[in-house]
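According to the numbering used here, numbering within the sequence shown proceeds without interruption in unit steps and concludes at 211. Beneath this line is the structure, given in structure tokens, with notes to follow.
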Amino acid sequence: MKDKSKPRVFSRRSFVKGIGTSVIGSYAAAPVLSKFSRKVLEEVETESKNKEPLTLRVNGKKVSVSVEPETTLVELLRNKLKLTGTKLICNQGECGGCTVLMNGKAVSSCHILALDTAGSEIITIEGLMSGEKLHPIQEAFIEHDGMQCGFCTPGQVMAAQAILIKNPKPSKDEILEGMSGNLCRCAAYPNIMKSVIAAAAKNK
Ligand code: FES
Ligand code: FES
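What follows is the structure in structure tokens.
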């Protein structure tokens with residue numbers, strides 16, 4: 008067994024030998040590396056050839072980016088613009104977790120291609136606050152415990168906002184109908200409903 012307490016001593020000979028080995032190793036690896044970098048370059052070139060320019064407005068700001076044709080709106084928001092408040096849950100347009108507003112209407116951002124939003128106005132959960140002040144719907148969700156784990160909450164809040172944009176004084180049935188596409192795995196539905204009703208009441 009090696010004595011780990013002893014410091015390792017390098018002789019001049021072993022040091023020079025070591026350097027020689029690594030230099031020879033680098034030369035041997037050079038063709039492999041250049042082949043590798045060529046491949047990476049080709050991939051990057053193909054990727055940028057596939058990209059298309061896109062201009063839209065997100066939370067009131069003009070955004071110009073280039074995206075691949077298959078990029079979805081939620082991928083653009085979360086991965087490129089770092090707006091991670093919008094959650095990606097089912098990725099199939101089924102749960103409403105990725106709901107954002109597109110020109111004032113609630114949409115599932117996992118089901119929309121980013122390129123199809125050209126020229127649109129997108130509002131995400133990050134766009135609801137005014138400075139440090141929460142939006143009245145966000146306040147209502149806090150006041151009425153409209154969340155448990157909170158994962159579905161950004162989508163619920165954005166769906167509620169779409170209802171109130173369309174009709175500032177919706178009936179309970181209209182709220183139920185408008186929120187029906189937003190699922191909650193914690194089943195916090197009673198308090199979600201209370202929160203949206205309370206937010207609507209602030210408009211009365
Ligand atoms: S993540 Fe988009 S609808 Fe579920
Ligand atoms: S609060 Fe947990 S999924 Fe809705």
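Glycine is no exception: its CB is placed at the ideal position from the N, C-alpha and C atoms.
Checklist entry - Going by the beta-carbon positions, is the gap between residue 203 and residue 167 smaller than 7 Å? => result yes
Next on the checklist: Tell me which residue opens and which closes the beta strand (DSSP E) that residue 170 is part of.
Outcome noted: Counting along the chain, residue 170 falls outside any beta strand (DSSP E), though it belongs to the alpha helix (DSSP H) covering 160 to 173.
Item to check | Identity of the residues DSSP links to residue 63 by a beta bridge | outcome: 70
Checklist entry - What is the DSSP secondary structure of residue 202, reduced to helix, strand or coil? => result helix
Next on the checklist: At a threshold of 6 Å, does residue 155 count as lining ligand 2 (C-beta to nearest heavy atom)?
Outcome noted: yes
Next on the checklist: Just checking residue 148 against ligand 2 - is the residue's beta carbon closer than 6 Å to any of the ligand's heavy atoms?
Outcome noted: no
Item to check | Inter-residue Cα distance where the pair is residue 183 and residue 66 | outcome: 27 Å
Checklist entry - DSSP three-state call for residue 108: helix, strand or coil? => result strand
Checklist entry - Nearest to residue 171 by CA position, among 45, 95 and 111, is which residue? => result 111
Checklist entry - How long is the line joining the alpha carbons of residue 64 and residue 108, rounded to whole angstroms? => result 11 Å
Checklist entry - Skipping 5 residues on each side, what residues in its chain have a beta carbon closer than 7 Å to that of residue 34? => result Confidence at residue 34 is low in this model, with a pLDDT of 46, below 50, so its placement is unreliable and the value that follows should be read with caution. Nothing listed; no residue qualifies.
Next on the checklist: I need the straight-line Cα distance from residue 142 to residue 208, nearest angstrom please.
Outcome noted: 14 Å
Item to check | Residue environment, residue 189, which counts as buried when at least 16 other CB atoms sit within 10 Å | outcome: buried
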